[in-house]
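K.L.:
Count the sequence shown with mature numbering (1 follows the signal peptide of the UniProt record, and there is no 0) and you get residues 2 to 303, in order.
C-beta atoms are modelled at their ideal positions from N, C-alpha and C, and glycine is treated no differently.
Predicted model only: the values in this text are computed from it and were never measured.
One structure is given below, represented as structure tokens, and several questions about it will come after.
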Amino acid sequence: ESTLGAAAAQSGRYFGVAVAANRLSDATYVSIAAREFNSVTAENEMKIDATQPQRGQFNFQAADRVYNWAVQNGKEVRGHTLAWHSQQPGWMQSLSGSALRQAMIDHINGVMSHYRGKITQWDVVNEAFADGSSGARRDSNLQRTGNDWIEAAFRAARAADPSAKLCYNDYNVEDWTWAKTQAMYAMVRDFKQRGVPIDCVGFQSHFNSGSPYNSNFRTTLQNFAALGVDVAVTELDIQGAPSSTYASVVNDCLAVSRCLGVTVWGVRDSDSWRSEHTPLLFYNDGSKKPAYTAVLNALNGG
Ligand code: G3I
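Here it is in structure tokens:
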């Protein structure tokens, strides 16, 4: 196959991209995104500050621009993200305790109802664990509502849209030896044992010199899959875009039957949140980088 999406589809997987609504008027961007990818994640437009800027007033304008573009171009959509310490609107930042807990649940209900039956996977909770060696939860206003906030979010999400796969999503959880990975593993195992509704784990995979790719990523994916959840690479970008590392990540996903697919976090280097790292698959002029060819070859089985 000659595009990333079609090549991934040969094994029943997708190859996705983060799309920003304000790029949809850029002809080069749109032609690459339409041609190469068969899954879309809204880079910012489905986040809390975008979808509920005032309490109780939902706004899906930008989110729907991304969603409609994706569907009109034949792509599936990953939802990102419902409960997160970051990109909260001001009104939510100032809440705490049971009022915040209720607001989180109302938010999940509001956004998931709007897209009920239309989203393949939702990142229900994003980035709830602390960096470093503690293995602890990240301190946040949501965490301070009680340690059960994550399972409360997943239970609300299941009720709001039973058709969506419900994912927990985080970064620096790709290396099996890291404390953060082990903490996330213990949470997922506990959720599966107690019947908390969780279907998938998203590994963001923002690799750089401080958090490098390690070949034990495949072990991580396999170990999570063995708990009875699907896994996905959800926000892939790699500092310098080395072809061999990109191919390794794709081959790790292909090696795990429960790995649903790979999403890269932007189209061209100039579209990246870390453009100085030149971490993506396309040059700023829209031409293909060596890493593109490495990914395509890996997806094609070679
Ligand atoms: O929308 C405003 C615009 O009105 C304003 O003029 C402009 C001035 O700075 O800022 C715009 O908002 C920016 C927004 O991106 C949209 O471009 C924010 O400042 C900026 O902080 C925001 O960055 C996003 C970041 O999440 C915020 O946390 C990045 O685009 C986005 O790629 C990044 O994505 C996250 C994932 O959601 C979760 N995992 C990590 C990943 C990378 O940080």
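Between the Cα of Ala137 and those of Tyr172, Thr146, Met185, spot the shortest distance and give me the residue it belongs to.
P.N.:
Met185
K.L.:
Rounded to whole angstroms, how far is the Cβ of Gln122 from the Cβ of Ala233, which I believe are closer than 8 Å?
P.N.:
Taking the Cβ atoms as the reference, Gln122 lies roughly 7 Å from Ala233, within the contact range of under 8 Å.
K.L.:
Bridge partners of Ser40, per DSSP?
P.N.:
Gly17, Glu77
K.L.:
Could you tell me which residues DSSP pairs with Trp123 in its beta bridges?
P.N.:
Gly80, Leu167
K.L.:
Comparing alpha-carbon positions, which option in Gly133, Phe61, Asp140, Gln94 lies nearest His115?
P.N.:
Ranking Gly133, Phe61, Asp140, Gln94 by Cα distance to His115 puts Phe61 first.
K.L.:
Bridge partners of Asp286, per DSSP?
P.N.:
Asp286 is not bridged to any residue.
K.L.:
Could you check the C-alpha separation between Asp107 and Thr52 for me, to the nearest Å?
P.N.:
12 Å
K.L.:
Measure the alpha-carbon distance for Asp176 versus Leu222 and round it to whole angstroms.
P.N.:
10 Å
K.L.:
Got a list of residues with beta-carbon closer than 7 Å to any non-hydrogen atom of the ligand G3I, in chain order?
P.N.:
Ala19, Ala21, Glu44, Asn45, Lys48, His81, Thr82, Ser87, Gln88, Asn127, Glu128, Tyr172, Gln205, His207, Glu236, Trp266, Trp274
K.L.:
What do you reckon, are the CB atoms on Leu281 and Asp238 nearer than 9 Å?
P.N.:
yes
K.L.:
Tell me whether Ala129 sits in a helix, a strand or coil according to DSSP, three-state version.
P.N.:
coil
K.L.:
Need the endpoints of the alpha helix (DSSP H) that Ala295 sits in, please.
P.N.:
291 to 300
K.L.:
I'd like the list of long-range same chain contacts for Thr220, defined as Cβ closer than 8 Å, with 5 residues on each side in sequence excluded.
P.N.:
So the qualifying residues of the chain are Trp177.
K.L.:
Of the choices Leu167, Ala154, Ser206, whose alpha-carbon is the least far from that of Val174?
P.N.:
Ser206
K.L.:
For Leu261 and Arg14, I'd like the C-alpha separation in whole angstroms.
P.N.:
5 Å
K.L.:
On the DSSP letters alone, give me the boundaries of the beta strand (DSSP E) that Gly203 sits inside.
P.N.:
201 to 204
K.L.:
Which residue comes first and which comes last in the beta strand (DSSP E) that contains Leu228?
P.N.:
Per DSSP, Leu228 belongs to no beta strand (DSSP E) and is neither H nor E.
K.L.:
Beta carbon of Tyr169, beta carbon of Val125: below 9 Å?
P.N.:
yes
K.L.:
Can you give the beta carbon distance from Ala187 to Ser244, rounded, assuming they're within the 8 Å contact cut?
P.N.:
Contact between Ala187 and Ser244 is absent: CB atoms are separated by about 35 Å, not below the 8 Å threshold.
K.L.:
Among all the DSSP beta bridges, which residues are the ones paired with Phe208?
P.N.:
Ile239
K.L.:
Could you tell me the boundaries of the alpha helix (DSSP H) in which Leu255 lies?
P.N.:
244 to 255
K.L.:
By DSSP, does Gly91 sit in helix, in strand, or in coil?
P.N.:
Gly91 falls in the helix class under three-state DSSP.
K.L.:
Gly262 by DSSP, collapsed to three states: which one?
P.N.:
The three-state secondary structure of Gly262, taken from DSSP, is strand.
K.L.:
Once DSSP output is grouped into helix, strand and coil, what is the label at Val234?
P.N.:
strand
K.L.:
By a C-beta neighbour count over all protein chains shown, 10 Å radius and 16 as the cutoff for buried, is residue 1 buried or exposed?
P.N.:
Since the displayed the chain opens at 2 and closes at 303, residue 1 lies outside it and no answer follows.
K.L.:
Among Ser210, Arg195, Asp65, whose alpha-carbon lies nearest the alpha-carbon of Asn23?
P.N.:
Asp65
K.L.:
Assuming Cys201 and Asp171 form a contact by the criterion Cβ under 8 Å, report the distance between their Cβ atoms to the nearest whole angstrom.
P.N.:
12 Å between Cβ atoms; not a contact.
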